[in-house]
Amino acid sequence: MSVSAQEEFPYGCSLPSKILRKTGHEAEKWSTTPWSLKNGANGQSSIVLDYSRAEGGIPFFKTSAVTSESNSVEIEVVYSETYEGLDKEDGDGPFFLFSNAMNTYRRHAHTFNASNKPVYVEEKYAQRSQRYQKIILKTPNSTISFSSLGYRLLRIPNPTISTFSCSSETLNKIWQDGVRTVDMCTVEAGETADAWEVTEAGTIIHGQHWAPCRQGTRWGDMKVEFEVKIMNGGASWGIHMVANGLIFCLDSEKRSLAAFDGLADTSGVFPSIPKGLWVLDSAINLNEWLKVESIAQGTSISITINGQAIAKVEDLSLHPILGGSRNNTGSVAFGGPSNYTALYKSLTVKDNAGNILYENNLLLSNKARTLADFQVGTNSLACTIDGAKRDRACFGGDLFVMGRSIFYSTGNFEAALGSIKLLTSHQTKDGYLGNLCPIQAPIHDDESEPPTYAFYSLSYALLLIVAIKDYWLHSGDLASVQSIWGRLEKLIAFTERFVDGRGLVVAPPPLSMDWFPMGGPIFGASGKINLAYFDALKAMSAVAKALKVEDPFTIKAEILSGNIVAHLWNGETGIMRLSDLTSPTGLCQDINAYGVVIGVSPLHPKAVLNLVAPKTSGLPLAFQNIERWDQKKVVSPYASGYAAEALFLRGEGSSAVELIERVWGVMADSANPNYSGGHWEAMKPDGTPVTEDTSLMHGWSTGPVHLLPRYLGGLEPLEAGFSRFRIKPVLAGLSSVDVKLASKAGEIKVSLRIQESTGSGDMMLKVPRGAVAEVYAPEGWVLADDASPAVKTISGDDTEMVLSLRKQSTGAVSGDKSSILTTSQEKDSSSPQLNRKDTWLSRLLIKLLGFFGLQSNTMAILWASGPRRNYKVYSVILARPEDRMPLKGWEVVHLDFEVATPATSTI
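Position 694, counted from 1, in the sequence shown is what the UniProt record's numbering calls 694; the numbers after and before it change by one each time, with no gaps.
In structure tokens:
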């Protein structure tokens with residue numbers, strides 16, 4: 001806590017908007033004038049302040065008067081992003097998982113001296129995302145008056161250089177909150193403050209997340225020696241630590257040493273298991289420097305202090321939750337409970353033979369090294385993070401979603417590139433690519449094996465390749481991708497090691513985690529890993545062509561696609577399975593939708609029903625009828641983003657918008673006590689956060705930020721940097737859609753005005769000079785004023801133009817639903833008509849071709865002849881040559897058939 005007489009806010013501050021509730025003797029109405037908390041001899045007054053949305057920064061308090069019989073006043077401040085966290089003693093924290101990029105704890109005590117003069121106080125560490133702040137006056141017979149309090153902002157928000165709006169205010173609010181989420185889950189270079197203070201006397205470590213030495217995540221047996229001087233509360237360290245391990249807490253007030261198996265001394269997302277408590281001998285002076293020795297040998301760890309044996313923990317089986325290393329391995333870590341502060345120096349780690357594994361005096365001369373080795377300094381790169389609170393770590397799987405959201409909103413390419421550089425610098429010698437990293441970790445630029453904390457999930461590593469391809473397509477930065485191309489090739493080779501006789505990837509459990517850690521690994525042939533592998537192969541193929549290097553990836557992707565359909569696709573139910581070992585009828589929302597998005601899943605009449613949950617069942621569940629996975633009843637905006645995109649690609653724009661409004665509309669309701677002004681990590685079916693510590697500002701949930709302009713505006717790059725792009729809107733019952741994209745090629749504008757009742761509309765466009773746009777009418781519509789009603793190619797000149805749209809007359813052949821296809825085209829997923837844009841009807845046509853024994857050079861023409869009651873009638877002309885010579889001896893078969901689809905729907 002820092003104290004001064006005057007505050008400075010170079011980037012501004014956030015102030016409370018209202019008092020949510022108050023208790024005690026006196027808590028005046030919030031205003032710009034001073035208000036007070038007052039205690040008598042009994043009871044404690046408190047106040048809960050509401051900021052109306054989640055805010056972040058350094059908490060500050062400006063007092064105008066403090067009175068107390070004891071000459072000092074103690075307050076306790078509790079923070080929570082969720083409304084439910086207000087009822088918890090520790091708010092919605094603490095957060096122990098991955099980093100020191102914000103305050104680990106959400107409850108803090110502050111002591112003020114009695115004074116009638118203004119005093120300005122700041123907390124040491126930032127609270128990064130919270131809506132609520134509870135202040136409790138703890139001291140009897142005291143009063144504290146505040147003239148101001150809030151959060152000092154740490155940077156100005158990124159400007160929104162690309163915009164989206166439409167005739168739905170709900171969608172507009174969802175998009176705007178999503179952009180705010182993108183910004184709060186983006187970290188500028190140097191934004192994070194140092195968590196440790198390195199001085200001439202040693203390193204001061206306040207009670208925070210236990211930070212492991214990055215060089216030691218694979219250490220086994222070892223002897224750890226250091227000196228420590230307790231400054232307040234106690235000192236704490238961990239052995240065999242990556243995220244979890246065995247933690248020791250030396251408490252100066254209790255004069256005891258306690259041991260805990262877990263991430264901390266208290267339980268959170270994962271349990272903390274007490275492993276022993278030892279009372280210290282009175283001869284040990286806790287006010288002086290202490291020499292601590294920790295010896296890890298096999299399944300035991302023993303502790304001596306000043307040469308005196310204090311504790312021994314035996315029969316340990318410490319299983320790392322990250323990285324896949326064997327049990328009872330890991331590094332030395334330092335941190336502690338929130339009231340601990342200690343000074344450390346002279347750290348040495350040796351193996352059984354006495355060889356030095358690590359040595360650091362922890363003095364000022366080693367400041368840069370110390371902060372880097374324990375990932376507790378600032379972040380050297382701009383990057384993306386999973387959530388604004390809690391983990392604040394960089395994940396490949398989150399970048400897969402959030403990268404595209406950045407490209408359609410703030411355009412912070414540096415954050416995307418920084419994430420790519422940080423993650424890809426971590427690669428094992430056998431090729432596994434980093435996919436999780438604390439943002440304060442340095443680039444891993446030496447030949448040693450990288451820390452194991454960088455490896456969470458093979459699917460996340462593969463999704464990182466796709467995110468890199470997306471970065472290149474939007475930025476045009478081929479040089480950065482070329483610099484890491486060899487690393488991407490090594491990951492593909494690493495993945496191939498796990499391909500079984502069926503041609504599917506069957507990764508070991510430590511590599512088979514996915515976005516829902518509570519479900520554990522996906523055993524067997526994971527649908528997510530195999531689909532992500534296919535997507536990564538297609539991404540590698542696209543980049544290989546740009547680099548003008550050999551492309552072995554396309555054929556691998558084609559073979560893999562067939563193997564996925566053969567072994568993971570349920571043709572009866574139209575479901576892509578979670579794995580080959582789970583129920584064939586169980587539905588995993590993101591995996592099932594992902595197969596549709598990347599064009600692997602065959603078309604199926606039940607596809608739409610599988611993508612959109614019935615309205616009567618609450619919000620759509622991420623897992624249905626899958627043992628173990630469906631017990632949590634979790635609703636995932638991350639998974640729903642896949643489903644919404646799949647619906648857009650199936651031409652079901654109205655269903656996609658309805659799904660987005662159902663799932664994200666709950667979050668966008670400003671009357672909701674959990675409204676954060678952002679997109680949430682996960683929910684219950686009733687629309688409340690799934691737990692009290694759920695992140696309500698989460699990057700992986702920002703799918704609508706790119707989905708809405710991408711599909712409703714129809715705007716996507718075809719060549720890097722938007723030098724050539726497509727405009728192909730999907731209609732969704734909206735009368736207007738406006739998209740402005742600040743692309744690398746220049747400003748692009750798309751504005752749609754649709755009058756469904758008259759069957760007319762306009763598309764207003766602006767194409768940058770030097771860029772080329774391929775403009776398509778929406779499905780069921782034509783470009784009314786053009787000789788080619790299906791597509792118009794426009795060479796940009798920075799001027800705005802208007803294209804007239806006309807709804808197709810009944811029975812007309814549409815550009816999408818009537819085309820000349822061949823069975824060989826059907827297999828080519830790069831075909832513009834069939835790559836993520838085909839309908840299940842076109843797939844049915846191919847089945848008919850096969851039924852009639854037609855060869856790959858068979859041609860077919862399909863058209864709708866109009867509705868008949870609740871069905872649409874389709875006519876097919878099948879033509880087959882009697883031999884393989886083209887244009888010779890054609891045999892024609894004509895048939896009509898009915899499809900049981902409501903005539904009002906879009907197939």
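By construction, the Cβ of each residue, glycine as well, lies at the ideal position given by its N, Cα and C atoms.
None of the values given here were measured: they were computed from a predicted structure.
Please list the terminal residues of the continuous beta strand (DSSP E) segment that includes I284. By 1-based counting over the sequence shown, the position of residue 284 is 284. DSSP places I284 outside any beta strand (DSSP E), giving it a letter other than H or E.
For T341, I'd like the list of residues in its chain whose CB is within less than 6 Å of its CB, leaving aside the five on either flank, ordered along the chain. On the sequence shown, residue 341 is found 341 positions in, with the first residue counted as 1. Within its own chain, the residues whose Cβ lies closer than 6 Å to the Cβ of T341, once the five positions on either side in sequence are excluded, are H206, M231, N232, listed in chain order.
Can you tell me the Cα-Cα spacing of W680 and T694, whole angstroms? Stepping through the sequence shown from its first residue, residue 680 is reached at position 680. Stepping through the sequence shown from its first residue, residue 694 is reached at position 694. If you take the alpha carbons of W680 and T694, they lie about 8 Å apart.
Determine the direct distance from the alpha carbon of E76 to that of R726, and round the result to whole angstroms. Along the sequence shown, one-based indexing puts residue 726 at 726. Along the sequence shown, one-based indexing puts residue 76 at 76. R726 and E76: Cα-Cα distance of roughly 56 Å.
Could you pull out every residue in the same chain whose Cβ sits closer than 6 Å to the Cβ of Q127, ignoring the five residues on either side in sequence? Residue mapping note: residue 127 aligns to position 127 of the sequence shown, counting from 1. Once the five neighbours on either side are set aside, the close Cβ partners of Q127 are P59, Y79, N103.
So, are the CB atoms of L803 and L741 less than 8 Å apart? Reading the sequence shown from its first residue, position 803 is the one you call residue 803. Reading the sequence shown from its first residue, position 741 is the one you call residue 741. Not closer than 8 Å, so no.
Is it true that the CB of G641 sits closer than 8 Å to the CB of V666? Counting from 1 along the sequence shown, the entry for residue 666 is found at position 666. Counting from 1 along the sequence shown, the entry for residue 641 is found at position 641. Against a cut-off of 8 Å, the Cβ pair of G641 and V666 comes out as no contact.
Is the Cβ-Cβ distance between A639 and D590 less than 8 Å? Taking the sequence shown and counting its residues from 1, the one referred to as residue 639 is at position 639. Taking the sequence shown and counting its residues from 1, the one referred to as residue 590 is at position 590. Yes; because the gap between Cβ atoms is below 8 Å, this pair is in contact.
C-alpha gap between S45 and L20, whole angstroms: Residue mapping note: residue 45 aligns to position 45 of the sequence shown, counting from 1. Residue mapping note: residue 20 aligns to position 20 of the sequence shown, counting from 1. Those two C-alpha atoms are separated by around 14 Å.
Per DSSP, which residues does K792 bridge with? Please list them. The residue you call residue 792 lines up with position 792 of the sequence shown. According to DSSP, K792 bridges with V775.
Do the CB positions of R692 and D265 come within less than 8 Å of each other? Locating residue 692 in the sequence shown gives position 692, where the first residue counts as 1. Locating residue 265 in the sequence shown gives position 265, where the first residue counts as 1. According to the sequence displayed, residue 692 carries Glu and not Arg. In terms of Cβ geometry, E692 and D265 do not form a close pair [threshold 8 Å].
Using a Cβ-Cβ cut-off of 7 Å (strictly less than) and excluding sequence neighbours within five positions of Q624, which residues of its own chain qualify? If you number the sequence shown from 1, residue 624 lands on position 624. Here the set comprises G586, L587, D630.
Cβ shell of V73 (< 6 Å), same chain only, five flanking positions each side left out: In the sequence shown, the residue the question calls residue 73 occupies position 73. Only V66, F112, T139, S142, I144 meet the Cβ criterion.
Would you list the one or two residues that DSSP bridges to residue 910? As shown, the chain starts at 1 and ends at 907. That puts residue 910 outside it, with no answer to give.
For I156, count neighbouring C-beta atoms within 10 Å of its own C-beta (all shown protein chains included) and say buried if the count is 16 or more, exposed if not. In the sequence shown, residue 156 corresponds to position 156, counting from 1. Result: exposed.
Close-in-space but distant-in-sequence residues of the same chain around A542 (CB under 7 Å, 5 per side omitted): For the purposes of this step, residue 542 is taken as residue 542 along the sequence shown, with counting starting at 1. Closer than 7 Å at Cβ, skipping near neighbours: K469.
With H, G and I counted as helix, E and B as strand and the rest as coil, what does DSSP make of D738? The sequence position of residue 738 within the sequence shown is 738, counting from 1. In this structure, D738 counts as strand in the three-state DSSP scheme.
Check the C-beta distance from L422 over to C394 and give it rounded, since I have them as a contact under 8 Å. As a working note, residue 422 is residue 422 in the sequence shown. As a working note, residue 394 is residue 394 in the sequence shown. Rounded, the Cβ-Cβ distance is 6 Å, consistent with contact.
When you compare the CB of I439 with every CB in chain B, is at least one pair closer than 8 Å? In the structure shown, chain B does not exist; there is a single protein chain.
Local Cβ density within 10 Å of E8, reported as buried at 16 or more and exposed below that: Taking the first residue of the sequence shown as position 1, residue 8 is located at position 8. Under this definition E8 is an exposed residue.
What residue range does the alpha helix (DSSP H) around H604 cover? For the purposes of this step, residue 604 is taken as residue 604 along the sequence shown, with counting starting at 1. First-last for H604: undefined, no H or E at that position.
My output table needs one value for A784: the three-state DSSP class, helix, strand or coil. Position 784 of the sequence shown, counted from the first residue, corresponds to residue 784. A784: coil per DSSP, three-state reduction.
Rounded Cβ spacing between S561 and F534 (contact assumed at less than 8 Å): Here residue 561 refers to the residue found at position 561 of the sequence shown. Here residue 534 refers to the residue found at position 534 of the sequence shown. Yes, they are in contact, since the Cβ atoms of S561 and F534 sit about 6 Å apart, within 8 Å.
Run of the beta strand (DSSP E) containing K749, from where it starts to where it stops: For the purposes of this step, residue 749 is taken as the residue at position 749 of the sequence shown. Its beta strand (DSSP E) spans residues 746-755.
Tell me, please, which residues DSSP counts as bridged to S300. Sequence index remark: in the sequence shown, residue 300 carries index 300 (1-based). Bridge pairing for S300: Q297 [DSSP].
Spatial distance of S865 from Q808 (CA atoms): Walking along the sequence shown from the start, residue 865 turns up at place 865. Walking along the sequence shown from the start, residue 808 turns up at place 808. A caution first: S865 carries a pLDDT of 35, below 50, which makes its placement in the model unreliable, though a value can still be read off. Using only the alpha carbons, I get a separation of about 13 Å.
Indicate whether the contact test is met: 3 or more Cβ pairs, each with one atom in the stretch 362-377 and one in the stretch 415-431, closer than 8 Å. no
Classify M513 as helix, strand or coil using the three-state DSSP reduction. The count along the sequence shown starts at 1 and reaches residue 513 at position 513. M513: coil per DSSP, three-state reduction.
In the DSSP assignment, what residue or residues form a beta bridge with V66? Numbered from 1 along the sequence shown, position 66 holds the residue referred to as residue 66. For V66, which the question treats as bridged, DSSP gives the partners S115, I144.
When we look at the beta-carbon of G40 and count the other beta-carbons within 10 Å, is it buried (16 or more) or exposed? Within the sequence shown, the letter at position 40 stands for residue 40. The residue in question, G40, is exposed, as its Cβ has fewer than 16 Cβ neighbours within 10 Å.
Taking 8 Å as the threshold (C-beta atoms), are I794 and N773 in contact? On the sequence shown, position 773 is the one that residue 773 refers to. On the sequence shown, position 794 is the one that residue 794 refers to. Residue 773 is actually Ala in this sequence, not Asn. Taking 8 Å as the Cβ cut-off, A773 and I794 qualify as a contacting pair.
How is the beta strand (DSSP E) around Q130 delimited, first residue to last? Residue 130 sits at position 130 when you count from the first residue of the sequence shown. Note, Q130: beta strand (DSSP E), 127-137.
Nearest residue (CA-CA) to G268, options N244, N339, R218, S743: Counting from 1 along the sequence shown, the entry for residue 268 is found at position 268. Of the listed residues, the one whose Cα sits closest to G268 is N244.
Considering just the uninterrupted stretch of the beta strand (DSSP E) at H206, what are its terminal residues? Walking along the sequence shown from the start, residue 206 turns up at place 206. From DSSP, the beta strand (DSSP E) with H206 extends over 203-206.
Which class does D883 belong to by DSSP, given the choice of helix, strand or coil? As a working note, residue 883 is residue 883 in the sequence shown. Unreliable placement is indicated for D883, whose pLDDT of 34 sits below 50; no coordinate value is reported for it.
Span separating the alpha-carbon of S14 from that of P438: Position 14 of the sequence shown holds residue 14. Position 438 of the sequence shown holds residue 438. For S14 and P438, the distance between alpha carbons rounds to 27 Å.
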